[in-house]
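Q:
Structural data, given as structure tokens:
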């Protein structure tokens, strides 16, 4: 004797109700917001292309206007030059004011912005800067830091091009591969993504245009040390941590006594420190190794 049909199981009913709920939720969202599908698609595409945010300082919405002005006023009490700057603060891009607050090392660079904001002097890199192998460039070097890149100036948004410039100049001897030259190239090829920054493609396809061969490596201390021992410096993409609360690129140039030597285009102080793998690893989004092609 066979058992008769007892109707759908409880698990089937639960799954069915869940599907109905999700369908109604999506339908309601589409009805309330005509731009929903476009928004999701554009965000997904931009995220896929850019992979990693790059700006070296906090975005403007991290600090409220009142907080920013209070911080600037506090700094003005110890440096009268900042008071002069504040008198014309409406002419200073807000990300530069944030750089002034967040990074004391870049203070002189920001204070000189009104003087050099329209400077079109040709950038010159000297051979003497190659004496130590891979040169150390700051994104807020006055030679190129005031030149526009993406949403602001290289001094704020240019850590990616500056890192690639260090390796292009150091590995190939091409003195024309300045941070500003690579930044202009990056924008022309669409490697700067509005709202995100420099996309990872600059480090791969973009590097080829400057005589470099690039390969992605695993997040592994032994792999990093192996590449460095072959004379292959690294560029790493970083997330929130010791270097940024948004996204950042730095160069890793050597390894000694269990610590990595870095070249942070936004901080000479951090570049003077040695860094353990265990400190860097949780902050690393991606790693590339480079050599002359």
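In this note's numbering, the protein residues as written are 823 to 1115. Cβ coordinates follow ideal geometry from the N, Cα and C atoms, glycine included.
1) Smallest Cα separation from residue 964: which of 932, 1037, 989, 913?
2) If I follow the unbroken alpha helix (DSSP H) through residue 778, where does it start and stop?
3) What would DSSP say about residue 1058, mapped onto helix, strand or coil?
4) How many angstroms separate the CA atom of residue 960 from the CA atom of residue 893?
5) To the nearest angstrom, how far is the alpha carbon of residue 888 from that of residue 895?
6) How many whole angstroms separate the CB atoms of residue 967 and residue 975, which I take to be in contact at a CB cut-off of 8 angstroms?
7) Taking only three categories from DSSP, how would you classify residue 905?
8) Leaving out five residues before and five after residue 923 in sequence, what residues of the same chain have Cβ atoms less than 8 angstroms from its Cβ?
9) If I measure Cβ to Cβ from residue 947 and keep anything under 7 angstroms in the same chain, skipping five residues before and after, which residues do I get?
10) For residue 975, does the three-state DSSP call read helix, strand or coil?
11) Exposed or buried, which one is residue 921 when buried takes at least 16 other CB atoms within 10 Å?
12) Based on Cα-Cα distance, which residue from 899, 1095, 1082, 937 lies nearest to residue 914?
13) Go ahead and pull the three-state DSSP assignment for residue 969.
14) Less than 8 angstroms between the C-beta atoms of residue 1022 and residue 1059, yes or no?
15) Who are the Cβ neighbours of residue 1041 in its own chain at under 8 angstroms, not counting the five residues just before and after it?
16) Please list the terminal residues of the continuous alpha helix (DSSP H) segment that includes residue 984.
17) Along the alpha helix (DSSP H) that carries residue 1131, what are the first and last residues, could you check?
18) Taking the beta strand (DSSP E) that residue 1035 belongs to, which residues open and close that run?
19) Quick check on the burial criterion: 16 or more other C-beta atoms within 10 angstroms. Buried or exposed for residue 943?
20) In chain order, what residues of the same chain have a beta carbon less than 8 angstroms from the beta carbon of residue 1026, not counting five sequence neighbours either side?
21) Note the first and the last residue of the continuous alpha helix (DSSP H) segment covering residue 931.
22) Decide yes or no for the touch test of the stretch 899–916 against the stretch 1066–1083: beta carbon pairs closer than 8 angstroms, at least 3 of them.
23) For my contact list, residue 988 and residue 1013 are in at a C-beta cut-off of 8 angstroms; report their separation, rounded to the angstrom.
24) Quick check on residue 1014: does DSSP put it in helix, strand or coil?
25) State the Cα-Cα distance for the pair residue 1032 and residue 1002, rounded to the nearest angstrom.
26) Do you know offhand how far residue 1100's Cα is from residue 952's?
27) Any idea if residue 1020 is buried or exposed, counting beta-carbon neighbours within 10 angstroms, 16 or more meaning buried?
A: Reading from the atomic positions:
1) If you number the chain shown from 1, residue 964 lands on position 142. The option with the nearest alpha carbon to residue 964 is 932.
2) Limits of the chain in this structure are 823 at one end and 1115 at the other, which puts residue 778 out of reach.
3) Within the chain shown, numbered from 1, the residue matching residue 1058 stands at position 236. It is a strand residue.
4) Indexing the chain shown from 1 puts residue 960 at position 138. Indexing the chain shown from 1 puts residue 893 at position 71. Rounded to the nearest angstrom, the two C-alpha atoms are 24 angstroms apart.
5) Numbered from its first residue, the chain shown carries residue 888 at position 66. Numbered from its first residue, the chain shown carries residue 895 at position 73. For residue 888 and residue 895, the distance between alpha carbons rounds to 10 angstroms.
6) Numbered from its first residue, the chain shown carries residue 967 at position 145. Numbered from its first residue, the chain shown carries residue 975 at position 153. Indeed they touch by this definition, with Cβ atoms about 6 angstroms apart.
7) Counted from its first residue, the chain shown places residue 905 at position 83. The answer is helix: DSSP assigns residue 905 an H, G or I state.
8) Counting from 1 along the chain shown, the entry for residue 923 is found at position 101. Excluding sequence neighbours, residue 923 sits near 885, 890, 893, 894, 897.
9) As a position in the chain shown, residue 947 is number 125, starting the count at 1. Only 991, 997, 1000 meet the Cβ criterion.
10) To locate residue 975, count along the chain shown from 1; it is residue 153. It is a strand residue.
11) The residue you call residue 921 lines up with position 99 of the chain shown. So residue 921 ends up on the buried side.
12) Taking the first residue of the chain shown as position 1, residue 914 is located at position 92. Nearest C-alpha to residue 914: 937.
13) Here residue 969 refers to the residue found at position 147 when the chain shown is read from its first residue. In the structure shown, residue 969 sits in coil (DSSP, three-state: anything other than H, G, I, E or B).
14) If you number the chain shown from 1, residue 1022 lands on position 200. If you number the chain shown from 1, residue 1059 lands on position 237. The answer is yes: Cβ separation under 8 angstroms.
15) Mapped onto the chain shown, residue 1041 falls at position 219. Hits under 8 angstroms: 1103, 1106, 1109.
16) As a first step, residue 984 must be located in the chain shown, where it is residue number 162. Start and end: 981–994.
17) Only positions 823 to 1115 of the chain appear in the structure, and residue 1131 is not among them; the question remains open.
18) Residue 1035 sits at position 213 when you count from the first residue of the chain shown. Start and end: 1034–1038.
19) Here residue 943 corresponds to residue number 121 of the chain shown, with the count starting at 1. Residue 943 counts as exposed, since fewer than 16 other C-beta atoms from the protein chains shown sit within 10 angstroms of its C-beta.
20) Walking along the chain shown from the start, residue 1026 turns up at place 204. 1036, 1038, 1110, listed in sequence order.
21) Position 109 of the chain shown holds residue 931. Where residue 931 is concerned, the enclosing alpha helix (DSSP H) starts and stops at 929–933.
22) no
23) Here residue 988 corresponds to residue number 166 of the chain shown, with the count starting at 1. Here residue 1013 corresponds to residue number 191 of the chain shown, with the count starting at 1. Wrong, their Cβ atoms sit about 17 angstroms apart, outside the cutoff.
24) Against the chain shown, residue 1014 aligns to sequence position 192. Strand, per DSSP.
25) Counting from one through the chain shown, the residue named residue 1032 turns up at place 210. Counting from one through the chain shown, the residue named residue 1002 turns up at place 180. One C-alpha to the other measures close to 13 angstroms.
26) Numbered from its first residue, the chain shown carries residue 1100 at position 278. Numbered from its first residue, the chain shown carries residue 952 at position 130. Roughly 30 angstroms separates the two Cα atoms.
27) Residue mapping note: residue 1020 aligns to position 198 of the chain shown, counting from 1. With a threshold of 16 other beta carbon atoms within 10 Å, residue 1020 meets it and is buried.
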